[in-house]
Amino acid sequence: MKLKRVLLMLLVTVLSVSRIVTANAVTVKDDGKYTLLLTCGLNGMDGKVDGDYAKIIKFDAADGDTTVSLSELTAGVLPFNGSTKFAYWATDWTGKTKVAEDIPLSDFNSEGTFWAKDGEVAYTNGLTIYATFSEEPLKGTGTYYLTLDGVGGKVNGKYEMTLTSSSSAYQTVDLTKYTPVRDGYTFVGWALNGEFVTSVPADCFKEKDAVTVLATYTKNTFDNDGIVVTLNANGGQLNGKESNTYDYVGGRDSGALMSLLPYVPVREGYTFNGWNTKSDGSGTMETYIYWRIWDNNEETNKKYDKDTLITEDNGYVRYKNVTLYASWTKASGEPGNPGKDTVKELQSTGETKAKIEFATEVSKDYKLDIKSIEVKKELADKNVKFVADINVLDGNNNVVKISNTKMKIRIALPEDLKGYDKYEVVYIVNDEIKETLPAAVENGYIVFETNHLSQYGIVGTNTGSGATPQTGDSSSVLWLAILCISGVGALTVFGISKNRKKDHSAQ
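Following this line, the structure appears as structure tokens:
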């Protein structure tokens, strides 16, 4: 009797365990009865689900089941926005309510069409859930995310493909193994930070854990059925001509830009610098262009050379053509732009001594404007000792927007900032520190690199190491010691010290 009772209890246990294992069992299949619809919510509008705007999962549930497992249905699915961590799946697009792990099958009660896989897909017994992202940036996560953006083409069947790896095990990715396909276009290479690349090593992830490379194409035909860009070789040749006109090449969505990387003119005795908005080189250099610059408005009309107003089918009036001009440097190192010379270095003429060295040429008529501004308390509390507002002005004293251009900036250290053990430079926006940049002190100047101009602060701290940066004034300490010890001829010694200090400040 006792044995019978034990066997009965064992049978009940086995059946219970069996029920737990199969309770949420699902079978994913193309013609499944139920449909789970995945997309991104309000705080992840730019995000993707497995490299696309949305994803559909059709499945069947086991007989007798009343719930399905969220984690089982979404296993292997990657919601990704390229900047912050995925948090959870939400029941609505606002992201306020988190989806429960066990979802009642009765919740799969909607029907209609859903945009996925380049078209509307009909479904029944559906439930839509929304990817919600945190505010935590993808930095120091221990995982590297490399996204191959097909920019309208497909990589291994996906518009975007994200490769993941632990940061410790990451190995350089050979991009030549991935060739996107886009009808009517020829793939010419992958681009990162405005340059063609064939691989992505680990040092590309120094700033953040997510890196995106962009597919770059040329269009196989010139249809002239929309907006166009004319590239004027400006004394050189582009595909054997002085200028060529091309259809605008965007991407799958309205945020995609047209890359100018494939278009490289030649000119004997000159080096091509890039494409400029003005023929004399006084404009800005462009690596990517956006379709909104063809709009008829004061700002873009002033910046770009446009012609031929057109009215589109929807009544929208815009320009048909935008012209860009090749910028050149003579092989001897002398500027080669017609009309005006260009330079790679600007020096300030105001109270604050500074100098900018540019990676590419800028107009010689530009001037460096740098002003010392008040250090707010919230910045001073973080050891910010000095804040400078740095701008480049054109010949009419208008601010020139310079971005995505590598620059080395040198700012003379104020007297009260000399002698600290450690220096850093911080990028400031609206009185908040947005980024900390490494810096060095060279001959009384603090030196750092950036790719945009704005407000920058100098942070000075004493680490207790006893090391003092060389600022050009260390000799005065020695002379002061001699003055204190000798007591005789003090005026003579002080005069020597003063003269030395003047000599340093004049350098």
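In mature numbering (1 follows the signal peptide of the UniProt record, and there is no 0), the protein residues as written are -25 to -1, 1 to 482. Even glycine gets a Cβ: it sits at the ideal position worked out from N, Cα and C.
Spatial distance of residue i from residue j (CA atoms)
i           : j      : result
Phe108      : Asp228 : 21 Å
Lys351      : Asp406 : 7 Å
Asn289      : Ile202 : 15 Å
Trp64       : Thr72  : 9 Å
Ser429      : Ser347 : 12 Å
Ile408      : Glu399 : 12 Å
Ser218      : Thr335 : 22 Å
Val130      : Lys60  : 24 Å
Val337      : Gly22  : 37 Å
Leu80       : Thr42  : 5 Å
Tyr402      : Asp35  : 54 Å
Gly7        : Ile31  : 11 Å
Tyr341      : Lys133 : 45 Å
Ser141      : Val1   : 30 Å
Asp369      : Ile268 : 21 Å
Cys15       : Asp67  : 10 Å
Lys305      : Leu232 : 30 Å
Phe247      : Tyr105 : 47 Å
Thr220      : Leu206 : 6 Å
Gly311      : Asn209 : Residue placement at Gly311 is flagged as unreliable, the pLDDT there being 49, under the threshold of 50; a coordinate-derived value is accordingly withheld.
Thr154      : Gln212 : 29 Å
residue 508 : Lys183 : In the structure as shown, the chain starts at -25 and stops at 482, and residue 508 therefore has no counterpart that could be examined.
Lys277      : Gly325 : 29 Å
Tyr119      : Gly51  : 16 Å
Val362      : Glu349 : 7 Å
Lys92       : Tyr300 : 39 Å
Nonlocal neighbours in the same chain, by C-beta distance under 7 Å from residue i, ignoring five residues either side
i      : result
Ser58  : Pro112, Leu113 and Ala185
Gly226 : Val126 and Gly127
Leu53  : Asp25 and Thr137
Trp266 : Ile202, Tyr223 and Gly225
Gly117 : Ser141 and Ser142
Ala190 : Asp124, Gly125, Val126, Gly128, Pro155, Phe162 and Trp165
Residue i versus the options, residue with shortest Cα-Cα distance
i           : options                           : result
residue 534 : Gly39, Gly70, Thr69 and Leu13     : Lying before the first or after the last residue shown, residue 534 is absent from the chain, which here runs from -25 to 482.
Phe180      : Thr191, Pro155, Thr147 and Glu320 : Thr147
Thr187      : Trp165, Val318 and Thr193         : Trp165
Asp124      : Leu138, Ala75 and Leu412          : Leu138
Glu274      : Leu17, Asp35, Gly128 and Val375   : Val375
Ile97       : Tyr263, Ala36, Leu11 and Asp149   : Residue identity differs from the one stated: residue 97 is Ala in this sequence, not Ile. Selected option, being the one with the closest Cα: Leu11.
Val74       : Val163, Lys253 and Leu48          : Leu48
Pro389      : Thr193, Asp25, Thr327 and Lys319  : Thr327
Lys4        : Ala37, Glu424, Tyr28 and Ala231   : Ala37
Val172      : Asn214, Leu236 and Val204         : Leu236
Thr298      : Glu261, Glu320, Thr304 and Glu287 : Glu261
Lys381      : Pro413, Val204, Thr425 and Gly39  : Thr425
Gln322      : Asp356, Asn358, Arg385 and Tyr279 : Arg385
Gly419      : Lys330, Asn372 and Tyr245         : Lys330
Lys281      : Ser302, Ala301, Gly256 and Thr252 : Thr252
Tyr9        : Pro176, Lys339 and Asn100         : Asn100
Lys383      : Ala50, Asp396, Phe333 and Ser302  : Phe333
Residues near residue i in its chain [Cβ-Cβ closer than 8 Å; skip 5 each side]
i      : result
Leu284 : Asn271, Val292, Arg293, Tyr294 and Lys295
Glu410 : Val401 and Tyr402
Trp90  : Tyr28, Ala29 and Val96
Val404 : Ser429 and Gln430
Beta-carbon contacts of residue i that lie in its chain and below 6 Å, excluding the five residues immediately before and after
i           : result
Lys360      : Leu392, Ile433 and Gly435
Pro413      : none
residue 544 : Summary: the structure shown does not reach residue 544, with the chain confined to residues -25 through 482, and so no result is reported for it.
Cys459      : Below a pLDDT of 50, predicted positions are generally treated as unreliable, and Cys459, at 40, falls in that range; no measurement from the model is reported.
Per-residue burial, residue i [other beta carbons within 10 Å of its own, 16 or more giving buried]
i      : result
Ser234 : buried
Val126 : buried
Val367 : buried
Thr446 : Bear in mind that a pLDDT of 36 at Thr446, under 50, signals an unreliable position, so the model cannot answer this.
Asp344 : buried
Thr151 : exposed
Thr88  : exposed
Ser143 : exposed
Lys357 : exposed
Pro240 : buried
Glu135 : buried
Ser449 : Only weak support is given to the placement of Ser449: the predicted model assigns it a pLDDT of 39, under 50, and the question is left unresolved by the model.
Phe197 : exposed
Thr259 : buried
Thr317 : buried
Per DSSP, the bridge partner or partners of residue i
i      : result
Val404 : Glu407
Gly210 : DSSP, once it has assigned bridges, lists no residue as partnering Gly210.
Met136 : Leu123
Ala415 : Val422
Gln430 : Asp364 and Ile403
Lys33  : Thr10
Trp250 : Glu261 and Ala301
Glu95  : Trp90
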